[in-house]
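Under the working numbering, the first residue of the sequence shown is numbered 2, with each subsequent residue one higher. Beta carbons are placed, not taken as given, at the ideal position from N, Cα and C, and that holds for glycine. Quick notes on the structure that follows.
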Amino acid sequence: MTYRNFLDLSSAGADGIAAILADALDRKQARAGWPKGKPDADAPLTNHVLAMVFEKNSTRTRFSFDAAIRQLGGQAIISDSSQMQLGRGETVADTARILSGYCDAIMVRTDDHAKLLEMAEYASVPVINGLTDASHPCQIMADLLTILETGTSLPGLKVAWLGDGNNVLASIVEAAGLLQFDVVAACPQGFQPEEADIARGNGRARVVGSPREAVEGADVVVTDTWISMGQDHADTKLAAMMPFQVTAELMAAAKPGAKFLHCLPAHRGEEVTADVIDGPQSLIWPEAENRLHAQKSILRWCFGQIG
Ligand code: CP
Ligand code: NVA
Numbered sequence: 002m003t004y005r006n007f008l009d010l011s012s013a014g015a016d017g018i019a020a021i022l023a024d025a026l027d028r029k030q031a032r033a034g035w036p037k038g039k040p041d042a043d044a045p046l047t048n049h050v051l052a053m054v055f056e057k058n059s060t061r062t063r064f065s066f067d068a069a070i071r072q073l074g075g076q077a078i079i080s081d082s083s084q085m086q087l088g089r090g091e092t093v094a095d096t097a098r099i100l101s102g103y104c105d106a107i108m109v110r111t112d113d114h115a116k117l118l119e120m121a122e123y124a125s126v127p128v129i130n131g132l133t134d135a136s137h138p139c140q141i142m143a144d145l146l147t148i149l150e151t152g153t154s155l156p157g158l159k160v161a162w163l164g165d166g167n168n169v170l171a172s173i174v175e176a177a178g179l180l181q182f183d184v185v186a187a188c189p190q191g192f193q194p195e196e197a198d199i200a201r202g203n204g205r206a207r208v209v210g211s212p213r214e215a216v217e218g219a220d221v222v223v224t225d226t227w228i229s230m231g232q233d234h235a236d237t238k239l240a241a242m243m244p245f246q247v248t249a250e251l252m253a254a255a256k257p258g259a260k261f262l263h264c265l266p267a268h269r270g271e272e273v274t275a276d277v278i279d280g281p282q283s284l285i286w287p288e289a290e291n292r293l294h295a296q297k298s299i300l301r302w303c304f305g306q307i308g
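Following this line, the structure appears as structure tokens:
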């Protein structure tokens, strides 16, 4: 079987991303108003089974991928790694070979990115990154879809990132380099992204110390939890992050009508104030729903049906 892995946005490249987004827009529109469990008219992944392996908690990724494969006509088998032999030391490589015998694709949420790469190396079916400590490409596909739906084109866009220099930022920067938009990230000292992550932006991303400088002229303002899964809930980190909180005052310093995005889960009063995340500039609900629509097209791309 010929297939493609979706390990990072660079797996798809600019053309693949464009094909996935166009397909997602079409398919979303074609089934508007339908019951969520009704398969798409063409059910393009009928008889396909998606394995999902979670080493970390999830709400959106778990439910949206399950709904996605159902809408494409297939089925999912979902497990936490703690309930698998993986949680007792069976290797990733052996797990990859075993799951490849039962399932047509594997989605993995894990900590060390190397485990995702190992899964892809030993699987004989497509492997999809459902978040690692290094990146979260499926989230950024949903974010790009959400921005496109506002009628804004991606080249030339200015995105401001506020807060922790984390896995979600790394994927936004990668998208910027591939799709020719700019990212300015304001992160406190000690919590800035790795230079290698910024380099993935091909010169389209930079880090500043001032939140106001980051949001100046921004079309989209993005933040994420200050404490990612697997990190210590340290008071010192929360204190360092506080000046980088997304407030109504900061949103007012961005472009008029700038949009607010957050991958969720959110912590109101920490990385963002309630009036912003629950206010008129926030697109968090369509952003979360778009995980479903974007991932359906990612799955189709993995099987060579588009792009
Ligand atoms: N945004 C996101 O990936 O959410 P979950 O952790 O709930 O899957
Ligand atoms: N940066 C967050 C994203 C959660 C969807 C984390 O890794 O926990």
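- Under the 8 Å Cβ criterion, the region 178–187 counts as touching the region 206–221, having at least three qualifying pairs.
- Contact between Lys256 and Gly218 holds, with the beta-carbon distance rounding to 6 Å and staying under 8 Å.
- For Leu179, no beta strand (DSSP E) segment is defined; the enclosing uninterrupted segment is the alpha helix (DSSP H) at 168–180.
- Distance from the CA atom of Phe245 to the CA atom of Ser83, rounded to whole angstroms, is 35 Å.
- The count of Cβ pairs closer than 8 Å, one atom from the region 122–131 and one from the region 2–18, reaches three, so the stretches are in contact.
- Beta-bridge analysis with DSSP links Ile129 to Phe7, Met108.
- Annotation: Asp183 is outside any alpha helix (DSSP H); the continuous beta strand (DSSP E) that includes it extends over 183–187.
- DSSP, reduced to helix, strand and coil, places Ile21 within a helical segment of the structure shown.
- Secondary structure note for Ser101: its alpha helix (DSSP H) is the uninterrupted segment 93–103.
- With a cutoff of 7 Å on beta-carbon distance, Gly164 and Arg205 are scored as not near each other.
- Residue environment: Pro194 is assigned as buried (16 or more neighbouring CB atoms within 10 Å of its CB, all protein chains considered).
- The alpha-carbon of Pro266 is positioned some 23 Å away from that of Ala215.
- In the three-state scheme derived from DSSP, where H, G and I count as helix and E and B as strand, His268 is classed as coil.
- When beta bridges are read from the DSSP output, Ala52 appears opposite Ile78, Ile107.
- Look at Lys260 here: in three-state DSSP terms it is strand.
- In this structure Val160 is not in contact with Val247, their Cβ atoms being roughly 13 Å apart against a cut-off of 8 Å.
- Secondary structure note for Trp302: its alpha helix (DSSP H) is the uninterrupted segment 285–303.
- Of Gly102, Leu22, Thr111, the smallest CA-CA separation from Gly88 is found for Thr111.
- Look at the region 217–252 and you find these whole runs of beta strand (DSSP E), each 3 residues long or longer: 221–224.
- Per DSSP, reduced to three states, the secondary structure at Ala254 is coil, with no helix or strand assignment.
- A check of alpha carbon separations from Asn48 across Ser59, Gly75, Ala69 identifies Gly75 as the nearest.
- It is roughly 11 Å from the alpha-carbon of Ala33 to the alpha-carbon of Asp41.
- In the structure shown, the three-state DSSP call for Arg28 is helix.
- A residue is called buried when at least 16 other Cβ atoms come within 10 angstroms of its Cβ; Glu122 does not meet this threshold and is exposed.
- Under DSSP, the beta-bridge partners assigned to Trp162 are Ala186, Val223.
- In this structure, Ile21 sits away from Met53, with a CB-CB distance that is not shorter than 7 Å.
- Contact check for Phe261 against Ser229 fails: the beta carbons are separated by 7 Å or more.
- The alpha carbon of Leu155 has as its nearest neighbour, out of Arg207, Val221, Gly90, Gln140, the alpha carbon of Val221.
- The way I'd put it, the region 134–147 does touch the region 283–300; three or more beta-carbon pairs between them come closer than 8 Å.
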